[in-house]
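Asker: In this note's numbering, the protein residues as written are 145 to 432.
Just passing along the structure, written as structure tokens.
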């Protein structure tokens with residue numbers, strides 16, 4: 145059984161400046177809920193309740209979001225706002241959340257390496273703190289199921305348009321059954337002409353603790369970052385590594401247009417916003 149998850153959330157979020165000058169990109173809201181809360185809830189729905197967040201400078205608001213706010217709770221209680229009060233308390237009770245600081249921004253591989261003492265000798269999930277996945281079954285749950293069967297590392301994959309592979313880590317592998325791949329190699333951000341496939345890493349991993357040895361041996365790239373993809377390349381040479389094609393949709397919130405689209409899509413699923421927003425979109429479409 146997978147008990148622990150690591151959530152890297154230390155990046156600067158420069159593509160969302162100036163909004164991220166004073167707040168983490170992981171705290172940007174999808175309607176009224178921070179991105180990182182969706183990530184935490186995904187882990188909890190998959191049965192993982194021991195979470196370690198890797199944070200950096202300027203990320204204190206993430207800690208505060210998952211802590212109790214007694215002053216706010218008192219205000220809500222005094223005003224009889226029972227529903228809001230329960231929602232606020234629920235956030236602080238979602239899981240056992242721990243925090244560790246990534247002292248320098250040295251890439252995703254280094255961020256995951258910061259979790260080695262907390263993880264110890266257990267397999268663990270990695271859920272990127274700025275990636276939301278919309279699926280009927282939690283993406284982390286999809287990975288844990290396959291891990292329980294294979295007892296080997298599993299990487300969540302998404303099929304993208306060939307023109308977009310240069311934005312991601314891409315796998316070279318063989319489909320051994322529908323949706324499951326034996327991975328031979330990883331290629332970080334290849335050109336479409338050199339990409340071995342259009343199956344890319346979708347921001348979710350189920351890893352074994354020996355990955356830390358491979359991260360430790362990974363040389364920094366030209367920009368000084370330690371790439372997790374490079375460590376996974378090494379891991380795949382030492383043991384079987386599998387890929388699982390996502391059943392669902394990875395919401396592209398890494399850019400402004402994708403972030404806006406995701407907000408609209410999620411708002412259209414909510415009873416309190418869907419109808420008015422639908423009417424607004426129809427009116428707006430008539431003017432375009």
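Beta carbons are placed, not taken as given, at the ideal position from N, Cα and C, and that holds for glycine.
Predicted model, so just to flag it, every value in this text is computed and none were measured.
(1) What are the boundary residues of the beta strand (DSSP E) that residue 197 is part of?
(2) Around the C-beta of residue 327, are 16 or more other C-beta atoms found within 10 angstroms, so that it is buried, or is it exposed?
(3) Could you tell me which of 201, 252, 237, 148 sits nearest to residue 367, measuring between CA atoms?
(4) Hey, would you say residue 184 sits closer than 9 Å to residue 195, going by beta carbons?
(5) Could you have a look at residue 335 and say whether DSSP puts it in helix, strand or coil?
(6) If you run the structure through DSSP and keep just helix, strand and coil, what is residue 397?
(7) Using 10 angstroms around the beta-carbon of residue 282, count the other beta-carbons present and answer buried if the total reaches 16, otherwise exposed.
(8) What residue from 279, 296, 356, 412 has the CA that sits closest to residue 302's CA?
(9) What's the C-alpha gap between residue 266 and residue 192?
(10) Roughly how many whole angstroms lie between the Cα atoms of residue 259 and residue 382?
(11) In angstroms with no decimal places, state the Cα-to-Cα distance between residue 384 and residue 167.
(12) Where residue 287 and residue 230 are concerned, what is the direct C-alpha to C-alpha distance, given to the nearest angstrom?
(13) For residue 297, is the classification buried or exposed, using 16 other Cβ atoms within 10 angstroms of its Cβ as the cut-off for buried?
(14) Could you pull out every residue in the same chain whose Cβ sits closer than 6 Å to the Cβ of residue 163, ignoring the five residues on either side in sequence?
(15) Rounded to whole angstroms, how far is the Cβ of residue 206 from the Cβ of residue 390, which I believe are closer than 8 Å?
(16) In terms of residues, what are the limits of the beta strand (DSSP E) holding residue 319?
(17) Take every Cβ of the region 147-155, pair it with every Cβ of the region 199-213, and state whether three or more of those distances are shorter than 8 Å.
(18) Please tell me whether residue 325 and residue 388 are closer than 9 Å, where the distance is taken between their beta carbons.
(19) Hey, how far is the Cα of residue 169 from the Cα of residue 304?
(20) Look at the Cβ atom of residue 174, then the Cβ atom of residue 245, and state whether they are nearer than 9 Å.
(21) Name the residue from 210, 314, 386 whose alpha carbon lies nearest to the alpha carbon of residue 352.
(22) Give the DSSP-derived three-state secondary structure of residue 302 in the structure shown.
(23) Please classify residue 363 as buried or exposed, where buried requires at least 16 neighbouring CB atoms within 10 angstroms.
(24) For residue 421 and residue 428, which I take to be in contact (beta-carbon distance under 8 Å), what is that distance rounded to the nearest angstrom?
(25) If distances are taken between C-alpha atoms only, which option among 255, 176, 309, 262 comes closest to residue 410?
(26) Can you tell me where the alpha helix (DSSP H) with residue 278 in it begins and where it stops?
(27) So the candidates are 377, 290, 222; which of them puts its Cα closest to the Cα of residue 321?
Answerer: In this structure, then:
(1) Position 53 of the chain shown, counted from the first residue, corresponds to residue 197. Run containing residue 197: 194-199, per the beta strand (DSSP E) assignment.
(2) The residue you call residue 327 lines up with position 183 of the chain shown. So residue 327 ends up on the buried side.
(3) If you number the chain shown from 1, residue 367 lands on position 223. Taking only the C-alpha atoms, the option nearest residue 367 is 252.
(4) Taking the chain shown and counting its residues from 1, one reaches residue 184 at position 40. Taking the chain shown and counting its residues from 1, one reaches residue 195 at position 51. It is a contact, given that the beta carbons lie within the stated cut-off.
(5) Numbered from its first residue, the chain shown carries residue 335 at position 191. Here residue 335 sits in coil by DSSP.
(6) Position 253 of the chain shown, counted from the first residue, corresponds to residue 397. Note: residue 397 maps to coil in three-state DSSP.
(7) Taking the chain shown and counting its residues from 1, the one referred to as residue 282 is at position 138. When all chains shown are included, residue 282 counts as buried.
(8) The residue given as residue 302 occupies position 158 in the chain shown. For the residues 279, 296, 356, 412, the minimum Cα distance to residue 302 belongs to 279.
(9) Taking the chain shown and counting its residues from 1, the one referred to as residue 266 is at position 122. Taking the chain shown and counting its residues from 1, the one referred to as residue 192 is at position 48. Roughly 13 Å separates the two Cα atoms.
(10) Here residue 259 refers to the residue found at position 115 when the chain shown is read from its first residue. Here residue 382 refers to the residue found at position 238 when the chain shown is read from its first residue. One C-alpha to the other measures close to 21 Å.
(11) The count along the chain shown starts at 1 and reaches residue 384 at position 240. The count along the chain shown starts at 1 and reaches residue 167 at position 23. Residue 384 and residue 167: Cα-Cα distance of roughly 40 Å.
(12) Residue numbering aside, residue 287 sits at position 143 when the chain shown is read from its first letter. Residue numbering aside, residue 230 sits at position 86 when the chain shown is read from its first letter. Rounded to whole angstroms, residue 287 to residue 230 spans 31 Å at the Cα level.
(13) Translated into the one-based positions of the chain shown, residue 297 becomes position 153. Buried: at least 16 other Cβ atoms inside 10 Å.
(14) Within the chain shown, residue 163 is the residue found at index 19, counting from 1. None.
(15) Here residue 206 refers to the residue found at position 62 of the chain shown. Here residue 390 refers to the residue found at position 246 of the chain shown. Beta-carbon to beta-carbon, residue 206 and residue 390 are separated by about 25 Å, too far to satisfy the 8 Å threshold.
(16) Along the chain shown, read from residue 1 onward, the residue named residue 319 stands at position 175. It spans 313-321 - the beta strand (DSSP E) in which residue 319 sits, taken as one unbroken run.
(17) yes
(18) For the purposes of this step, residue 325 is taken as residue 181 along the chain shown, with counting starting at 1. For the purposes of this step, residue 388 is taken as residue 244 along the chain shown, with counting starting at 1. With respect to the 9 Å criterion, residue 325 and residue 388 are classified as neighbours on the basis of their beta carbons.
(19) Position 25 of the chain shown, counting from 1, holds the residue named residue 169. Position 160 of the chain shown, counting from 1, holds the residue named residue 304. Straight-line Cα distance between these residues: approximately 24 Å.
(20) Residue mapping note: residue 174 aligns to position 30 of the chain shown, counting from 1. Residue mapping note: residue 245 aligns to position 101 of the chain shown, counting from 1. Result no, Cβ atoms of residue 174 and residue 245 do not sit closer than 9 Å.
(21) Translated into the one-based positions of the chain shown, residue 352 becomes position 208. For residue 352, the closest C-alpha among the options 210, 314, 386 is that of 386.
(22) The sequence position of residue 302 within the chain shown is 158, counting from 1. In the structure shown, residue 302 sits in a strand (DSSP, three-state: E or B).
(23) In the chain shown, the residue the question calls residue 363 occupies position 219. Result: exposed.
(24) Numbered from its first residue, the chain shown carries residue 421 at position 277. Numbered from its first residue, the chain shown carries residue 428 at position 284. Contact between residue 421 and residue 428 is absent: CB atoms are separated by about 10 Å, not below the 8 Å threshold.
(25) The residue labelled residue 410 in the question sits at position 266 within the chain shown. Nearest option by C-alpha distance: 176.
(26) Counted from its first residue, the chain shown places residue 278 at position 134. From DSSP, residue 278 is part of no alpha helix (DSSP H) but of the beta strand (DSSP E) over 276-278.
(27) As a working note, residue 321 is residue 177 in the chain shown. Among 377, 290, 222, the Cα nearest to that of residue 321 is on 290.
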